[in-house]
Every structure is written in structure tokens, then in C-alpha cells.
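Novice: For reference, the structure I am asking about is given below.
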Amino acid sequence: SKHSGKNQFSFYQQGLEDSLNRTAKIRHTLHTALRENDFFLVYQPQVKSSTGEICGVEALLRLPAEKYHGLNPQEFIPLAEEAGLIEEIGLRVFKNACIQQQKWIRSGIHLKCSINVSAKQFQNKNLATEFINILEEKQIDPSTITLEITENAVFDNHQKAQTTLQQLSNYGFTIAIDDFGTGYASLSCLHKIPVDIIKIDRSFIHDCANNEENASIVPAIIMMSKGLKLKVIAEGVEIQEQWDFLKKLDCEELQGYLFSKPVKAQDIPILLENWSKN
Ligand code: C2E
Ligand code: CA
Ligand code: CA
Ligand code: CA
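When you read off a place in the sequence shown, starting at 1, and then add 849, the result is the number in full-length UniProt numbering.
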């Protein structure tokens, strides 16, 4: 609402002239959120572009809007990274998404679950072991879990990050490059790392059916990905025109408000049921 928008403004933006103070405030807030276990996940469907059928979900982190004045992940994830809190937050995200995936599988819902992993988490040399232990504990098939990493997670970091990624891939996780096209990686680098999926960044999908540049960049990314035998997912699909455009290009999967916003876990079965009725 307009009112809470104003609250958010006054709480986190008023001291913009004092951005250090603002950062400290949010850091304190994130400590509180961890301590009080306030983080929760929502899930956005990923659909087959040929039919619109839901085939997966992406777990996205949230804080209760009222208590945290509408603080969103675009703001708090970078600050959590700076504050050295992303390791702890990221491990909780992974664990909770796996717990949810186990619940879904037990109730007969078989979707791939994508989990975001920050580049900073790759500085932890035990990351692969920690993730694998959780999967063993929950007895989840790793191929049903996709790890979404950004290009810089593996190209910025040391050898260590590439070793970790290789371990995760060898174990059977699906690896997706998130926000593809916004970082440094070129498609020519991709053969050096174990990647399965390219997620085309929302900024290229925006207006892709009309804007001349995007209308040529998107087909180029899809064509080259196919040459490298990688699956392609387009994010930020908001209108039918974009779906038509991407379907024609044989982009396998889509994600965006046209299909669904991120929803609570308990709403996923409802979305699946509604789709099967149509
Ligand atoms: P992302 O990984 O690229 O996630 C997609 C973002 O686009 C989500 O924003 C999603 O709500 C939004 N989105 C989906 N469809 C549409 C659409 O059709 N139009 C528009 N305009 N937006 C759409 P969200 O949830 O606010 O997350 C923002 C970013 O925060 C994520 O971008 C990701 O980089 C980061 N993030 C969120 N959750 C986590 C997490 O658990 N761990 C880490 N490391 N990062 C996370
Ligand atoms: Ca993502
Ligand atoms: Ca993305
Ligand atoms: Ca993005």
C-alpha cells in the first residue's frame, strides 16, 4: 500500500545522506532477522514454453514486509554479502528449500527446485560438503535441485570456486548461470565450467519482441546455448508477445509474472491443479 511504501521510505531512506548509518541499520536488521528466524522462502514457477506447464520453481528469499518495512532482497542480499552474513543465510536458504522439496516429493509433487547461491558462498571451501550432507540427510535426488549462480561466482574467484562447482556438478546437482549476459562470462568461457542451464537476464527479455537490440541478442544467446547443448530459461516474461517470441525461438523454459509471481509454498499445489484443469 501507499502507506507502507512511505514507511519504508522513512525507515531505510531518510538517512541516505548518511549511508553508513543506513548500512549499519540494515546490518543490525539482518542479524535480528537471523536470530529471530524471520527469513522465509517464496517460490516462483518455471514453465515449459511449449505448453505453459509448470515444471520447476525458484526459491526466493523474503522478510516479513511489516516488521521489516518492505526491505527486499535486491537491497538486503548485497548488504548480507558485505556484512559476511550471506554464508549463514545462504545455508539456511538451501536447507529450507530442501526441506520443502522433500515435502513436495513425499506428496507426489515432482518439480525441479532452483536455489540461488551467492558468489560469496563459494569462498567457503566446505560448501560442496555442506550441501551434499543436507541432500543425503533429506534423501533428495540432486538432479532435482538446480543451483543458480552468477557468472562472477566462478570467473572472479580462485581455483577453489571452480573446484567446488565441479564437486557439486559431479554429485549430480544441475548448474544454472543466472542473469546471463550481465556479467563477464562470454559463451566461449562456458565450456570451462560444468554448466547445464543458461538463464537469460530479464533486461534482455524486456521489450525483446520490439526493441531492435534485444530482438537480436536473445536469439543469439539461445542459438549459441543450443550449440553448447545447454538448456535456456528466460526470466522476466511479463507479456504474451514475449512468450510467443521465445516459443518461436525454442527457448525451453520461461519464468515471469505472465505465469505467476513468487508464491508461498502452500500455493504451489493450487497453481498445479489450476493448470491441469485448463
Ligand atoms: P534473481 O535471482 O534474478 O531472481 C529473479 C527476480 O526477478 C526475483 O526478484 C523475482 O521476483 C523477479 N521477477 C520474476 N519474474 C519477474 C517479472 O516478470 N518481472 C519483473 N520485473 N521481475 C520478475 P526478487 O525475489 O526480488 O529477488 C531479487 C534478487 O535477489 C534475485 O534475483 C537474486 O539475485 C537475489 N535473491 C533472492 N533470493 C535469494 C537467495 O535466497 N539467495 C541469494 N544469494 N540471492 C537471492
Ligand atoms: Ca536466480
Ligand atoms: Ca536471474
Ligand atoms: Ca536477474
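Using N, Cα and C, we set each Cβ at its ideal position, and we do this for glycine too.
Relative to ligand 2, is the shortest distance from any of its heavy atoms to the C-beta of Asn-1001 smaller than 6 angstroms?
Specialist: No, Cβ of Asn-1001 sits at least 6 angstroms from all heavy atoms of ligand 2.
Novice: Could you check where the beta strand (DSSP E) with Val-891 kicks off and where it finishes?
Specialist: Taken as a continuous stretch (DSSP letters only), the beta strand (DSSP E) holding Val-891 covers 889–897.
Novice: Identify the residues that DSSP records as bridge partners of Asp-1027: which are they?
Specialist: In DSSP, Asp-1027 forms a bridge with Thr-999.
Novice: Could you tell me the distance, in whole angstroms, from the CA atom of Asp-1045 to the CA atom of Leu-1079?
Specialist: Taking the straight line from one Cα to the other gives about 5 angstroms.
Novice: Would you kindly report the start and end of the unbroken beta strand (DSSP E) that includes Ala-908?
Specialist: Looking at the DSSP string, the run of the beta strand (DSSP E) that includes Ala-908 is 903–911.
Novice: Any heavy atom of ligand 1 closer than 6 angstroms to the beta-carbon of Leu-909?
Specialist: Answer for Leu-909: yes, Cβ within range of ligand 1.
Novice: Thr-1023 to Thr-995, Cα distance in whole Å?
Specialist: Roughly 4 angstroms between the two C-alpha positions.
Novice: Comparing the CB of Lys-1048 with every heavy atom of ligand 3, is any distance shorter than 6 angstroms?
Specialist: Under cutoff, so the answer is yes.
Novice: Among the residues of its own chain, which have a CB less than 7 angstroms from the CB of Ile-1038, if the five just before and after it don't count?
Specialist: For the record, residue 1038 in the displayed sequence is Cys; it is not Ile. Result list for Cys-1038: Phe-1004, in chain order.
Novice: Counting C-beta neighbours from all protein chains within 10 Å, is the total for Leu-869 16 or more, i.e. buried, or is it exposed?
Specialist: Result: exposed.
Novice: Would you kindly check if the distance between the Cβ of Pro-991 and the Cβ of Gly-1021 is under 7 angstroms?
Specialist: Cβ distance < 7 angstroms, so Gly-1021 and Pro-991 count as in contact.
Novice: Tell me whether the beta-carbon of Gln-950 lies closer than 7 angstroms to the beta-carbon of Ile-981.
Specialist: No, they are not a contact pair.
Novice: Report the rounded CA-to-CA distance for Glu-885 versus Pro-1111, giving the unit in angstroms.
Specialist: For Glu-885 and Pro-1111, the distance between alpha carbons rounds to 23 angstroms.
Novice: Report yes or no: do three or more beta-carbon pairs, one from the segment 916–925 and one from the segment 1102–1122, lie closer than 8 angstroms?
Specialist: Taking 8 angstroms as the limit for Cβ pairs, the verdict is that the segment 1102–1122 does not touch the segment 916–925.
Novice: Please report the straight-line C-alpha distance between His-1007 and Asn-1123, rounded to a whole angstrom.
Specialist: Taking the straight line from one Cα to the other gives about 46 angstroms.
Novice: How would you write the range of the alpha helix (DSSP H) that Val-942 sits in, first residue to last?
Specialist: From DSSP, the alpha helix (DSSP H) with Val-942 extends over 935–955.
Novice: Since Glu-1083 is in the beta strand (DSSP E), which residue starts that stretch and which ends it?
Specialist: Residue 1083 is actually Ala in this sequence, not Glu. First-last of the beta strand (DSSP E) with Ala-1083: 1080–1083.
Novice: Based on Cα-Cα distance, which residue from Leu-940, Glu-1090, Leu-976, Ala-932 lies nearest to Lys-1009?
Specialist: Checked all of Leu-940, Glu-1090, Leu-976, Ala-932; the closest Cα to Lys-1009 is Leu-976.
Novice: Straight-line CA distance for Thr-872 to Ile-926?
Specialist: Approximately 12 angstroms between the Cα atoms of the pair.
Novice: Just tell me which of Glu-1084, Gly-1076, Asn-1059 has its CA closest to the CA of Ser-1052.
Specialist: Checking every option, the nearest Cα to that of Ser-1052 belongs to Glu-1084.
Novice: Taking the DSSP output, what are the residues bridged to Glu-1102?
Specialist: In the DSSP output, where bridge partners are listed per residue, Glu-1102 has Lys-897, Ile-1082.
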